[in-house]
Amino acid sequence: MSKISRRDLLQYIGAGGVGAVGGVLYGESVQRNVELLIPQVVPPDDYSPGVASWYNTVCNQCSAGCGISVRIREGKAKKIEGNPVHPVSQGRTCARGQAGLNALYNPDRIRTPLQNAGQRGSGSFEEISWGDALATVGSRLGRLKIENNASRVRLLTGRVRGRLDELFAQFMGLLGSDHYQQYDFTYPSALMAANKTSYGTDVLPYYDIKNATFVLSFGADYLGTWISPVHHSLAYGHLRHGQEGRRGKTVQIEPRMSLTGASADEWIPARPGTEGLLALGIAHALVSDGRYQGSDRDEWSTALAAFSPARVSAETEVSDDKISQLAREFGASAASLAIAGGAAAAGTNAVASVVAVNALNHIAGNLGKPGGVIFNSEQAFSSAAASRPAGHQGVLDLTEAMEAGDVEVLLVHDANPVYALPENVRFQQALQNVPLIVALSSFPDETTEMADLILPTNTYLESWGDDVPDPGVGFPVASISQPVVAPLYDTLSAGDIVLSLARQIGGELPIRMRWGTMEEFIRDRWREEYNKRESAGEAQEFEAFWQASLEAGVWGQPGADSGGNSVPSTSSTIASIANPVSMFAGGESDYPLVLHPYLTATFLDGRGANLPWLQELPDPMTSVVYGSWAELNPATAAEMGIKDGDVLEISSPTGTVRVPALTFPAIRPDVVAMPIGQGHKGYGRYAGDRGANPIHVVANQIDTQSGELAWAATRVKIKRTGEKLQIIKTDGVTRTLGRQILAPKNDHG
Amino acid sequence: MFDHGQPSYAEVNKDVLATMLETGPKYWILLGTTMGVAGICFFMPWFYQLIVGVGAAGMNRNAVWGTYLSNFIFWIGLSHSGTLLSAVLHITNSPWRKAIYRSAEAMTLFSLMTAALFVMVHVGRVWFVHWSFPIPNQMGLWPNFRSPLMFDVMAITTYLTASSIFIYMGSVPDFAAVRDASTGLRRRLYTIFSFGWRGTAREWHTLGWAYTFFAVFVVPLAVSVHSIVSWDFALSIVPGLHHTIFAPYFVCGAIYSGTAGIVTVMYCLRKFLHFEKYIGQVHLDSLGKLLIALSLIWSYINILELFSSWYGGTSFELEALKFRLIGFYAPLYWEMILFCAFVPLLMLSKKIRWSWNKMLVISILINIGMLTERFIIVATSQPRKFLPDAFGFYFPSWIEISITIGSFAIFATLFLIFIKWVPSISIYEVKETLKPLRRDA
Amino acid sequence: MSTFVEKLRSYRKPGYYDEFDYHWTMTIDLDRCTGCEACVVACQAENNLPIVGEERFAQSREIKWIRIERYWEGEYPNVKMGFIPMLCQQCDDAPCETACPVYATYHNQDGLNTQIYNRCIGTRTCAVYCPYEVRYFNWFTYTWDEPLEQQLNPDVSVREKGVMEKCTFCIQRIRIAKDNAKDDDERRVRDGEVVPACVQSCPTEAMVFGNSKDPGSKVSKMMKNPRGYKVLEELNTSPSIVYLTKAHS
Amino acid sequence: MSISVLDALRPAKKPALLTLVLVIGLFVGAWVHGKYLSDRSPVQPIDFSHTIHTTDNEIPCQHCHIYADTTPVAGVPSVSKCIGCHKSLPDVREGPEILKLAAYWENREPIPWIKVHDVPDFVHFTHKRHIKAGLECQECHGSVETMDRVTRVVTIRMSWCVDCHTEKEVENGRDCWTCHK
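Chains as they are written, first to last, in our numbering: chain L, 194 to 942; chain B, 57 to 497; chain Z, 692 to 940; chain C, 270 to 450.
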């Protein structure tokens, strides 16, 4: 090789050097970022990194009171599942229950106490400290108490049971105000009132779907939204294939097919508002066929004489044959069960309709036997079980009082009446007459937005509490709700807020409400219950009982007498048989269609709309996500020239909403159905401002017997606006096109 | 053979080399334009897509394949006639091949490259695309040799390699001609390119032998490549794709579109590089006849495909067929039938077959039809498979449309660069066709 | 020659295994399924499925490893609705497995159809080949609004853009169950010890999960039900999910 | 002018050689970085010596890394664990590093140790199984007991894991879902 010159050598060295530096830089650039190992300062006793632990508590996504287990890893909640030992949920959950984690980790949660910083309802708030916030409310309440004006303080909550309800009641009582109301759109007022009429007691009986062989449901969407869907679903599974060689049958009577209707063997679209009449028609057929053998047989014949199948058939648009077939099956089934709910219990005839269904159960002899209607004995933890009415009447009274200027301080906890009341109740306008509105809430919503002061509450996964499921499960049961994670933000549980307010107000309140925290209060109450049951209640033993209950999340006495067979007197049932026909707001000529708002399994009365998993969950019947729609029978739509996505203007006598149309094969041609749940204004980013809220256009009609809002008794007219809106749905073609999808290939055809 | 009288050997050299050695401003403007379009329409949207994800395109959960894949098949198809035609005609000793085969082969090469680019654009994580090659790696993993995509990788890389060698080998004597006609750096480069070609009898003999060997080798390869591309589809069980006819269908379609592509390229070469002397009516006429034959085969296979769908009688195939014939994309389907089955029949008339302008239009129409065909294959079948509830719909996004346009610019750019580096007509083979008349005269 | 044929036959066997170790199988009773979609949310929670947003839904780019399909029958008033939960069928002759050029999906010794996210290059061929359309592609890298990311399951990888994903029968739960079984004197996983999130949540107990190689397991018994069938059986994909068709009283 | 290829290539010789040297340099640089400059041996917030603890004082690994045989994570000892011993060791109470530890304890702050062995998020490694299979810590971590500052001695690569699984005939050890899920 020739000699390398000095100059060349330098060039080679330079190239090599540049290369080496480049190599090092490359190595540096592809190196992973430094990760840290953060040890604990002091590890908690039950801490194991990378291993999950489970804590049991109670679901608060609806009022069913399911026990849940929450999977925790490294202090964070990862997954909600049913608590296997809890008699209501038995290890199962529904979609809403699963989505509870979205509530806990919701990015829109209120993180500190807030004070209104602009005009009321403008939505501009500024942060204040807990001390200031509690002092403001406490001093105001204290002053009213001293002035003996405490009745000008009102407390409105969502459906609250257990010790929290007791604490609220005690607080208001000590304050000197008896105006503590609950409001829950889903509260079954009509059912309660009808049961009072039929059985003399306004409790929810246990509907034993599990052991029934024939379930006749009048509008009750028991698998999706009604009372205790998870428990009913478990029972439904058992009814279908729980027992060898027996498959229970279900029939659903409703104008628009619900989730339950889709699973039923028969779906019967009776004319809206005539469900009770149909029940009486079936009862008539049962009695006239001689299937009823009670001593008061003749009286029943007389009472039902007016409801001959011919007449009922004409009014309900259900054929004679169908009525007698239903009567036959209902009477002949080993264990038949009739239940009423949903739209059938939301007309102006709500109570009369439910009473008619109760009569049907009575005639078929379904009371107090397995597979029928079972009455719970006096509950364990009786004080906690006392159910405070959460119906419409209370909130109407409140509105009236506010309009009259009788309310000086309104405390709202976990209720959203601005959203969940018809617009012509004028609740939002009445709020303007209240000098101080205090909202106890975890999330911003339409009602919270109207508040002067927001006290942010823990979610149920961060709070102490307890609950007795309503209806019971046939034996004494109580569940404990415990915080499964530490509070994420500077928030307090509602119970702790009340206790702090009591201390703030002073006087006898802190003496009578002596507990430092909600946890202490719950423990104290449970100790009392324990002592009541175990005569020699040593502290050591209670501690063991308490730990065991906490671990299990539930306490129960499955062996205890359920009292299921004790049937209350039903003598008044006959007397209460009336002609149950619903009166609709709006004349048929001006308003040709009946509005059928329905609760959805995802949002219920709209409370689930801020949870992204539920927004992204396709509607079970239509697969629509993110938005609302109005369902029309294809024939009706074709007649009016309406196509999917045409924006409709739906007008009732009291209001108008705009919503895109969607044809739906399983709805009566004279009905337009709308899901409840969307149409929020200010319920966080996921609820957004999408869709429309059908409750707003419902006329404020009242069922006279129960005071319940007759939300299914409004007629509407629809008009095309000419606009188009894309309805986002996940379904493609919803016909099988003869493919082997739902059943094996049929060799014969 | 020659429309404007036979040129002399020197004229051939001069005419062809002039296209390489003399570059006017028009060329630079054209090159700048195509590069600009490629950059703006292809690479910018692609980089955007790399950053946000393939979601930038219009595909969705029901239609996970889209325009990128249909363009991939289109470009693979376009690659087909070049090398294949050249090889077949070489073996069958058709003299009219000699003036056109170089650019036809270049077309093959560049459309293969464009097609490979579409693979890159198509996949979700292009930064890991090397995992589909069987190369040693720190994970100790092999690719999956059962996968039709793996067959594809193999087939296309082999085809690309073979085609490159084929075109290069055929160009060596011409590189030597360039070398001899130039000085300086260019001379140096072409010295390297021409491997020291001196034109001895032995060299000619070896070249001839090797060239023929490769011609024979490339033919089955080309047939296999598009068969394998068709298996990407046919090996699925998707209604409308799971057809045994697919391999011949794709091969035929590929040659068809490629031949039409050659006509387009011929027109451009003749027009812009002034090759009127060398590319004449005989080429046009022969290509026209070939196109008619291919069009008839293509139509026949199409009819067969419809027939077997209908005759199979399953709900899946019938539904797919129905959607294709009268669904949303039916206008495109009928456009394809018009352009690929009926328009070519016009060439039965000699008047049309002999007109450069009319043939240009027809050739472009055929390729539009073929582009549509590929789009229809992708867009009408796999969004609508077995479960009606999961039926979906595909419509390309502007990014996909832009990248499609950009791909033509990339092809044009590569071709423009090619004509300045390689004699776009084979000098020595054209000379072979000259009758040694002049020398006598 | 005969050895060659034998070799060829063994090659034809699903997943090359002479025998599966476990054969995880699911039965879904359509007569119990009410379409409530608890399973859909349970899956989303367990497997870190992204919240894709309204716009992505409008582009049908949602990711739901299990979805409920709806099929109407008849016309008003004699109209019926059929729900069918659709998730990866874990086919023993899976069309998707042959498609992947990089082996990101293959059959494992438990009869499961795997999906290795970090191996996937995103050709999406598997999704085209899948007749059940249960493979979902990450068109984007999805993020969670703070603090929703605190819910993410640390046992499951969060997928990035360009990657295919699908139901795994909750492999992380199977692994934990096997892990526990191994600790416990290297015993086998017991029936009912492991269930995927969807099965666990199902309020009507329509879904049953277990090892079909164990003749005593609940799932083996359910599979013998005369109502049993496999969706699109004619395609011969040998799914590991047996559906029980609706019955009539 | 010559038509020899070699002649034509001659001017390219030097640039080609320079490029070659550059490329070799790149590889050398990358190798040096990986071997000596990378995060194999990061400087920790406290200059903790495994030699003193493990070799000199014969403390077994799992005395401090208590979770190794029961959970996926070996676990670094909590600050309370460190201080628990050191409180009762007056001899070394005044050492500068011990004072740092004491300061962390006073402030109830965790010590931000830097990870030496790290795998990507899509690898679900579990210590428990490896310990229960009878592997010594040293097989992967090297002789930590002799290190004053922990150094990563292995390059954690998939083939390294798989080779061991293959060699030891781990049950289903080559199923991808063993580690990736």
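The beta-carbon is built from N, C-alpha and C at its ideal position, and this holds for glycine as well.
Between Z:Tyr827 and chain B, the shortest Cβ-Cβ separation is below 7 Å. The continuous alpha helix (DSSP H) containing L:Lys725 extends over residues Met711 to Arg726. Using beta-carbon distances, C:Leu404 does not count as an interface residue toward chain L, since no partner is under 7 Å.
DSSP places L:Arg199 in the uninterrupted alpha helix (DSSP H) bounded by Arg199 to Val223. At a cut-off of 7 Å, the C-beta of L:Leu229 has a neighbouring C-beta in chain C.
DSSP places L:Asn551 in the uninterrupted alpha helix (DSSP H) bounded by Ala543 to Ile556. Put simply, the CB of Z:Trp830 is near chain B, with a gap under 7 Å to one of its CB atoms. In terms of beta-carbon proximity, L:Pro242 lines the interface with chain C, with at least one pair separated by less than 7 Å.
From the beta-carbon of C:Phe296, the residues of chain L found nearer than 7 Å are Gly216. Taken through DSSP and simplified to helix, strand or coil, C:Arg418 comes out as coil. L:Ser391 carries a helical assignment under DSSP once its states are collapsed to helix, strand and coil. For C:Lys384, a Cβ of chain L is located within less than 7 Å of the residue's own Cβ. In the three-state reduction of the DSSP assignment, Z:Arg826 falls in the coil class.
Judged by beta-carbon spacing, B:Leu140 lies beyond the 7 Å limit of B:Ala266, meaning their Cβ atoms are not closer than that value. Within 8 Å of the CB of B:Gly180, the CB atoms of chain Z belong to Cys811, Ile812, Gly813, Thr814, Arg815, Phe828, Asn829, Lys852, Gly853, Val854 and Met855, in sequence order along the chain.
Within chain L, Cys287, Ala288, Leu416, Gly417, Ser426, Leu452, Ala794 and Pro813 have C-beta atoms less than 7 Å from the C-beta of Z:Cys727, given in sequence order. Taking 7 Å as the CB threshold, C:Ala371 stays off the interface with chain L. For L:Pro236, the neighbours in chain C by C-beta distance under 7 Å run, in chain order, Ser347. The beta carbon of B:Arg117 sits closer than 7 Å to some beta carbon of chain Z. Secondary structure at L:Arg313: coil, using DSSP grouped into helix, strand and coil. Membership of L:Gly688 in the alpha helix (DSSP H) is indicated by the continuous run Ala687 to Ile698. Given a length threshold of 3 residues, each whole run of the beta strand (DSSP E) inside the stretch 219-305 of chain L is given here in chain order: 246-251, 260-266 and 269-275. Legend: CB atoms of the stretch 774-787 of chain Z lying less than 9 Å from CB atoms of chain B belong to residues Ile775, Met777 and Pro786.
DSSP places L:Ser844 in no alpha helix (DSSP H) but in the uninterrupted beta strand (DSSP E) bounded by Asp839 to Ser845. Going by DSSP, B:Gly88 is part of the alpha helix (DSSP H) stretching over Pro81 to Val93.
Taking 7 Å as the cut-off, the Cβ atoms of Z:Val819 and B:Gln438 count as close. Interface flag for Z:Asp836 against chain L is set, since a Cβ pair is found closer than 7 Å.
Residue contact with chain L for C:Ala299: present (Cβ-Cβ distance below 7 Å to some residue of chain L). Interface with chain L (7 Å Cβ-Cβ cutoff): B:Phe384 is excluded.
Residues of the stretch 417-442 of chain C whose Cβ lies closer than 8 Å to any Cβ of chain L: none.
In the structure shown, the three-state DSSP call for L:Glu596 is helix.
With respect to B:Tyr334, B:Ala66 sits apart: the two C-beta atoms are not nearer than 7 Å.
Ranked by Cα distance from L:Leu685, the first of L:Trp323, L:Ser315, L:Gly207 and L:Ser282 is L:Trp323. By the neighbour-count criterion, in which 16 or more other beta carbons inside 10 Å mark a residue as buried, C:Lys397 falls on the buried side.
Counting C-beta atoms within 10 angstroms of its own C-beta, Z:Thr694 has fewer than 16 neighbours from the protein chains shown and is therefore classed as exposed. By the criterion of a C-beta distance shorter than 6 Å, L:Leu702 is surrounded in its chain by Leu367 and Ala695, once the five residues flanking it on both sides are discounted.
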